[in-house]
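Asks:
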Amino acid sequence: MPHDHHDHSHEGLSTSGHPYRADNDTGLSYWQVMEIALRELLIEKGYLTAAQIHAQINAMDSRSPANGARVVARAWVDPEFKAALLDNASEVSRAMGFDIGPMHLIALENTDEVHNVVVCTLCSCYPRNLLGLPPDWYKSRAYRSRTVIEPRKVLSEFGLNLPEQMQVRVHDSTADMRYIVIPAQPEDSFGLSEEALAAWVTRDSMIGVGLPLAPK
Amino acid sequence: MKVRVKSHWPPGHIRTPAYLRGKIGNIERHIGLFNNPEDSAYRQAGPQRELVRVRFHMAEIWGARAERGEDVIEAEIYAHWLEPV
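Going down the list, the protein sequences come from chains X and W. So the first sequence is numbered by this note's numbering: it starts at 6 and just counts up by one. So the second sequence is numbered by this note's numbering: it starts at 396 and just counts up by one.
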């Protein structure tokens, strides 16, 4: 049996070899209590129903980088669309049918000369209304502080080594705008359909810490 | 247009990053009028402020420590934080 060996400790692991996750037996934090109190008040006073709140959580959870990938893929095949996207990314995303709420979106185009990367040094602003929730590392203090100081080193840790002559543009989401990077289309993908191209567009390539990849 | 971010250090909810205060950059684009977070964070109704994207060279921000001085940072700064150079 795969787990029937005794040469190392199984402390902290289940019988199937997976780490235990601690039960949530600790008390609620201040902000968790505040969230519950506010939510219950809104329901008791009749402003919202529990079903409406849950539907909104579901809507947020269902947003994913696939939405942004469709926008990028269309920009790759349609120069007029790309021009409109660079001019007003919010309007164009809404016209494609994405419910992005009041979000103000700016699209940034990567070229042979320029590489764009997005960070929020003050908190963790991210185009959630299009791409869904941000990755954990995006919210880390290390990413937020180092990306404005040494972006090339940070990008190299993501496996992205940029040529010295290429300009790095770091976009700090300090206020009301949110950002999506339009990565350069890989040569290997030229001629593919818009739908096929969307599978090449990774979340990381839309943040600017990665490049589009051939789907596996 | 060349601008300097004011080197002010008031208390409160400020969305002008500390590392850009006192630094000189060029206006990249004007974005429009937005609520001022310095008011709205405290539920105060103040005037809307013009929001501007400013482009800074790494050399201006980090000096000789910059990885590559010609790389840039772009950030949104409310116009009342900017002064002409």
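Using N, Cα and C, we set each Cβ at its ideal position, and we do this for glycine too. None of these values were measured; they are calculated from a predicted model.
For lysine 397 of chain W, which of helix, strand or coil comes out of DSSP?
Replies: Within the second sequence, the letter at position 2 stands for residue 397 of chain W. Lysine 397 of chain W: strand per DSSP, three-state reduction.
Asks: Just the chain X side, please: which residues come within less than 7 angstroms of tyrosine 414 of chain W by C-beta, in chain order?
Replies: Taking the first residue of the second sequence as position 1, residue 414 of chain W is located at position 19. In chain order: Val153.
Asks: Can you tell me whether tyrosine 437 of chain W is buried or exposed, with buried defined as 16 or more other CB within 10 angstroms of its CB?
Replies: Here residue 437 of chain W corresponds to residue number 42 of the second sequence, with the count starting at 1. Under this definition tyrosine 437 of chain W is an exposed residue.
Asks: Tell me the rounded alpha-carbon separation between aspartate 466 of chain W and arginine 151 of chain X.
Replies: If you number the second sequence from 1, residue 466 of chain W lands on position 71. If you number the first sequence from 1, residue 151 of chain X lands on position 146. Approximately 14 angstroms between the Cα atoms of the pair.
Asks: Return no unless some Cβ of chain W is closer than 9 angstroms to the Cβ of glycine 17 of chain X.
Replies: As a working mapping, residue 17 of chain X is identified with position 12 in the first sequence. It does not; no Cβ of chain W falls within 9 angstroms.
Asks: Using 9 angstroms as the threshold, is the C-beta distance between alanine 201 of chain X and serine 210 of chain X below it?
Replies: Against the first sequence, residue 201 of chain X aligns to sequence position 196. Against the first sequence, residue 210 of chain X aligns to sequence position 205. No. Outside cutoff.
Asks: Beta strand (DSSP E) containing methionine 182 of chain X: first to last residue?
Replies: Locating residue 182 of chain X in the first sequence gives position 177, counting from the first residue. 182-187 is the extent of the beta strand (DSSP E) around methionine 182 of chain X.
Asks: Write down every uninterrupted run of the alpha helix (DSSP H) in the segment 73-126 of chain X whose length is 4 residues or greater and which is fully enclosed by it, in chain order.
Replies: As far as the segment 73-126 of chain X is concerned, its whole alpha helix (DSSP H) runs of at least 4 residues are 84-92, 94-100.
Asks: Per DSSP, what kind of secondary structure is tyrosine 143 of chain X in: helix, strand or coil?
Replies: Here the question's residue 143 of chain X lines up with position 138 in the first sequence. Helix at tyrosine 143 of chain X.
Asks: List the whole-angstrom C-beta distance separating aspartate 177 of chain X from alanine 470 of chain W, where the pair is believed to meet the contact cut-off of C-beta under 8 angstroms.
Replies: Here the question's residue 177 of chain X lines up with position 172 in the first sequence. Here the question's residue 470 of chain W lines up with position 75 in the second sequence. Indeed, because the Cβ distance is near 4 angstroms, the residues count as touching under 8 angstroms.
Asks: Please compile the residues from chain W whose C-beta is within a distance smaller than 8 angstroms of the C-beta of proline 156 of chain X.
Replies: Walking along the first sequence from the start, residue 156 of chain X turns up at place 151. Per Cβ cutoff of 8 angstroms: Glu462, Asp466.
Asks: Just checking: is the beta-carbon of tyrosine 473 of chain W within a distance shorter than 9 angstroms of some beta-carbon in chain X?
Replies: Walking along the second sequence from the start, residue 473 of chain W turns up at place 78. Cβ-Cβ to chain X under 9 angstroms: yes for tyrosine 473 of chain W.
Asks: For arginine 399 of chain W, return the contacting residues in chain X, with the cut-off set at a CB-CB distance below 9 angstroms.
Replies: On the second sequence, position 4 is the one that residue 399 of chain W refers to. Near arginine 399 of chain W there are no residues of chain X at all, since even the closest Cβ is about 16 angstroms away, more than 9 angstroms.
Asks: Where do the ends of the beta strand (DSSP E) carrying tyrosine 473 of chain W lie?
Replies: Residue numbering aside, residue 473 of chain W sits at position 78 when the second sequence is read from its first letter. From DSSP, the beta strand (DSSP E) with tyrosine 473 of chain W extends over 467-473.
Asks: Return the bridge partner residues of glutamine 172 of chain X from the DSSP annotation.
Replies: As a position in the first sequence, residue 172 of chain X is number 167, starting the count at 1. In the DSSP output, where bridge partners are listed per residue, glutamine 172 of chain X has X:Val119.
Asks: Please classify tyrosine 166 of chain X as buried or exposed, where buried requires at least 16 neighbouring CB atoms within 10 angstroms.
Replies: Residue numbering aside, residue 166 of chain X sits at position 161 when the first sequence is read from its first letter. The sequence given here places asparagine at residue 166 of chain X; tyrosine does not occur at that position. Looking at its Cβ environment, which holds fewer than 16 other Cβ atoms inside 10 Å, asparagine 166 of chain X is exposed.
Asks: Pull up the CB-CB distance for alanine 481 of chain W and arginine 444 of chain W, whole angstroms please, since I reckon it's below 8 angstroms.
Replies: Given that chain W is displayed from residue 396 to residue 480, the structure contains no residue 481 of chain W and the question cannot be resolved.
Asks: Using beta-carbon positions only, say whether glutamate 478 of chain W and glutamate 155 of chain X come within less than 9 angstroms of one another.
Replies: By one-based count along the second sequence, residue 478 of chain W stands at place 83. By one-based count along the first sequence, residue 155 of chain X stands at place 150. No, the Cβ-Cβ distance between glutamate 478 of chain W and glutamate 155 of chain X is not below 9 angstroms.
Asks: What number of angstroms, rounded off, separates the C-alpha of arginine 75 of chain X from the C-alpha of arginine 208 of chain X?
Replies: By 1-based counting over the first sequence, the position of residue 75 of chain X is 70. By 1-based counting over the first sequence, the position of residue 208 of chain X is 203. Taking the straight line joining both Cα atoms gives about 11 angstroms.
Asks: Under 8 angstroms, with one C-beta from each stretch per pair, do the segment 128-146 of chain X and the segment 96-115 of chain X reach the 3-pair mark?
Replies: Verdict: yes, contact present.
Asks: Between isoleucine 48 of chain X and the rest of its own chain, which residues show a CB-CB distance below 7 angstroms, the 5 nearest in sequence each way excluded?
Replies: Walking along the first sequence from the start, residue 48 of chain X turns up at place 43. Hits under 7 angstroms: Thr54, Ala55.
Asks: Please list the residues of the segment 428-447 of chain W that have a C-beta atom closer than 9 angstroms to any C-beta atom in chain X, keeping them in chain order.
Replies: Residues passing the 9 angstroms Cβ filter: Phe429, Asn430, Pro432, Leu446.
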